[in-house]
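Visitor:
In the working numbering, the protein residues as written are 5 to 318.
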C-alpha cells in the first residue's frame, strides 16, 4: 500500500515536471507565433505605449521598398533579410532583432535615423523568426554563425571597403556580442549592443525565476538536455563573456535601467569583460528594448558620437 502511494506520487511529480519542462522549452526554444511586423502580438505589454512610433517605423521601412535578400546558413536554413542602400553610404548597419521579434519591427523606429546618417541597412530576420526558416531558437549559439554569413553577403555585395557596424537588441545583442569572438573581416568596425544578456544559461535561469517562479534545479539541467538532444545545441557552448575576451572592436553598450526581462547588470557585466574600447549608456526609466524609444535624442547623440569614434573624426 505504502509503496503504491510512493510510486503514485513519483509518477505525478514526474508528469508535472515533464509538463513544466515542455512548456518552458516551447516558450524559449520552439518556433511559434507571429511572423509579420504588423501583427497585433508585437505591440503588447510595455511596447503598447510606443505602438504609434513603432508602426510608423515599420511603415517607413516598407515605404522605402527594401530589397528582399537571402542567404543559406551553415546548417542549410534559408535566412531572409531586407537591404536598403543609402545614396552616399558611409557604412552599413547589420540589424539583428531580439527574441520573438523580427527585423522590421525591432528596428523600424531607428531605421530612418540611421538612413539619415548615410547608413545602408541590412535588417535581418533571425533563424526561427519572421520570414527565415528554422524550428529552434538557440539564443546566439548558432545565430552568431548566421551573422558571420550575413557579413560575407554584405562584402560580396558591397565590397570589403564598406565599413560594417553590428547592431543587436536583446537576443540580437547577445548574438552580435557572441559573433565578436569569431574571426570577422577587418571592415567590421564596431558593435552596438542594446540590452544583451551574458549567456543562454543565465537568461534561462533568470526568466524561469522572474516570470515563472521556478527553481533553477532541476529545471535548467533537464532543459539543457532538451536543448542538446532536441534542438541540437549546447546552451554552454558560448557566452558573451567568452566572446568579449577575444573581441578587439569598439562596443557601445546600451541598457534600460528598469529592464526586467534582461537585467541591467548583464550589460554592466558584459562591459566589464570587454577588453576593447568600450562605452556604456544606462537609460533611466527604460524597460526591455525601449531605451531608444524612451530617450530618442540622447540615444541618437550617443550613436553619432560612436560613429565619429569609429570613423576617426571624434
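Glycine is no exception: its CB is placed at the ideal position from the N, C-alpha and C atoms.
I want to know whether the region 47 to 58 touches the region 121 to 136 - three or more CB-CB distances under 8 Å.
Guide: Output reads no: the region 121 to 136 does not touch the region 47 to 58.
Visitor: Note down, in chain order, each residue of its chain lying with its Cβ closer than 7 Å to the Cβ of residue 214, except the 5 sequence neighbours on either side.
Guide: If you number the chain shown from 1, residue 214 lands on position 210. Around residue 214: 264.
Visitor: Using the beta-carbon count (16 or more within 10 Å), is residue 342 buried or exposed?
Guide: Any question about residue 342 goes unanswered here, given that the chain covers just 5 to 318.
Visitor: State buried or exposed for residue 146, treating a residue as buried only when at least 16 other CB atoms are found within 10 Å of its CB.
Guide: In the chain shown, residue 146 corresponds to position 142, counting from 1. That one is buried.
Visitor: Going residue by residue through the region 150 to 180, where are the continuous beta strand (DSSP E) segments of at least 3 residues, counting only ones entirely within it?
Guide: Counting only runs of 3 or more, we get 168 to 173.
Visitor: So residue 200 packs on residue 253, CB below 8 Å; how close in whole Å?
Guide: Translated into the one-based positions of the chain shown, residue 200 becomes position 196. Translated into the one-based positions of the chain shown, residue 253 becomes position 249. So it is not a contact: roughly 15 Å between Cβ atoms.
Visitor: CB-CB under 8 Å to residue 238, same chain, minus the five flanking residues each way: which ones, in chain order?
Guide: Here residue 238 refers to the residue found at position 234 when the chain shown is read from its first residue. Cβ within range, chain order: 145, 228, 231 and 232.
Visitor: Go through its chain and collect everything with a Cβ distance to residue 132's Cβ below 7 Å, but skip five positions before and after it.
Guide: Position 128 of the chain shown, counted from the start, is the residue given in the question as residue 132. Hits under 7 Å: 35, 138, 139, 140 and 141.
Visitor: Going by the CB atoms, is the gap between residue 115 and residue 88 shorter than 9 Å?
Guide: Position 84 of the chain shown, counted from the first residue, corresponds to residue 88. Position 111 of the chain shown, counted from the first residue, corresponds to residue 115. Yes, Cβ-Cβ distance for residue 88 and residue 115 is below 9 Å.
Visitor: Would a C-beta distance cut-off of 9 Å place residue 112 and residue 64 closer than the cut-off?
Guide: Counting from one through the chain shown, the residue named residue 112 turns up at place 108. Counting from one through the chain shown, the residue named residue 64 turns up at place 60. For residue 112 and residue 64, yes; Cβs fall inside 9 Å.
Visitor: Would you report the Cα separation of residue 94 and residue 122, rounded to the nearest angstrom?
Guide: The residue labelled residue 94 in the question sits at position 90 within the chain shown. The residue labelled residue 122 in the question sits at position 118 within the chain shown. Looking at the two C-alpha atoms, the distance is approximately 6 Å.
Visitor: Can you tell me where the alpha helix (DSSP H) with residue 319 in it begins and where it stops?
Guide: Outside the displayed span of the chain (5 to 318) sits residue 319, for which this structure offers no information.
Visitor: What is the rounded straight-line gap between the Cα of residue 241 and the Cα of residue 150?
Guide: Within the chain shown, the letter at position 237 stands for residue 241. Within the chain shown, the letter at position 146 stands for residue 150. Near 16 Å, if we compare the C-alpha coordinates of residue 150 and residue 241.
Visitor: For the pair the region 93 to 108 and the region 166 to 184, tell me if three or more CB-CB distances fall below 8 Å.
Guide: Because the criterion of three Cβ pairs below 8 Å is met, the region 93 to 108 and the region 166 to 184 touch.
Visitor: Tell me the DSSP secondary structure of residue 77 in three-state form.
Guide: The sequence position of residue 77 within the chain shown is 73, counting from 1. Three-state result, residue 77: coil.
Visitor: How close, in whole Å, do the beta carbons of residue 183 and residue 148 come, if the pair is a contact with beta carbons under 8 Å?
Guide: Locating residue 183 in the chain shown gives position 179, counting from the first residue. Locating residue 148 in the chain shown gives position 144, counting from the first residue. Right, the Cβ-Cβ distance comes to about 4 Å (below 8 Å), so this counts as a contact.
Visitor: Let me know the secondary structure DSSP gives residue 36 once reduced to three states.
Guide: Mapped onto the chain shown, residue 36 falls at position 32. It is coil, neither helix nor strand.
Visitor: Measuring only the C-alpha atoms, how far is residue 236 from residue 317?
Guide: For the purposes of this step, residue 236 is taken as the residue at position 232 of the chain shown. For the purposes of this step, residue 317 is taken as the residue at position 313 of the chain shown. Cα-Cα distance, rounded: 45 Å.
Visitor: Helix or strand or just coil, what does DSSP make of residue 44?
Guide: To locate residue 44, count along the chain shown from 1; it is residue 40. In this predicted model, residue 44 has a pLDDT of only 48, less than 50, meaning its place in the structure is not dependable enough to derive any value.
Visitor: Comparing C-alpha positions only, which one of 69, 289 and 75 sits nearest to residue 3?
Guide: Absent from the structure is residue 3, since the part of the chain shown begins at 5 and ends at 318.
Visitor: Could you tell me which residues DSSP pairs with residue 206 in its beta bridges?
Guide: Mapped onto the chain shown, residue 206 falls at position 202. In the DSSP output, where bridge partners are listed per residue, residue 206 has none listed.
Visitor: For the putative contact between residue 32 and residue 208, defined by C-beta atoms under 8 Å, what is the C-beta separation to the nearest angstrom?
Guide: Reading the chain shown from its first residue, position 28 is the one you call residue 32. Reading the chain shown from its first residue, position 204 is the one you call residue 208. Between residue 208 and residue 32 the Cβ distance is about 6 Å, and since that is below 8 Å, they are a contact.
Visitor: If residue 262 and residue 289 are in contact, beta carbons under 8 Å, what's the gap, nearest whole angstrom?
Guide: Translated into the one-based positions of the chain shown, residue 262 becomes position 258. Translated into the one-based positions of the chain shown, residue 289 becomes position 285. About 6 Å; that satisfies the 8 Å criterion.
Visitor: Measuring straight from C-alpha to C-alpha, what distance separates residue 244 and residue 71?
Guide: Against the chain shown, residue 244 aligns to sequence position 240. Against the chain shown, residue 71 aligns to sequence position 67. In a straight line, the C-alpha of residue 244 is about 31 Å away from that of residue 71.
Visitor: Give the DSSP bridge partners of residue 99, in chain order.
Guide: Along the chain shown, read from residue 1 onward, the residue named residue 99 stands at position 95. According to DSSP, which records beta bridges pairwise, residue 99 is partnered with 127 and 171.
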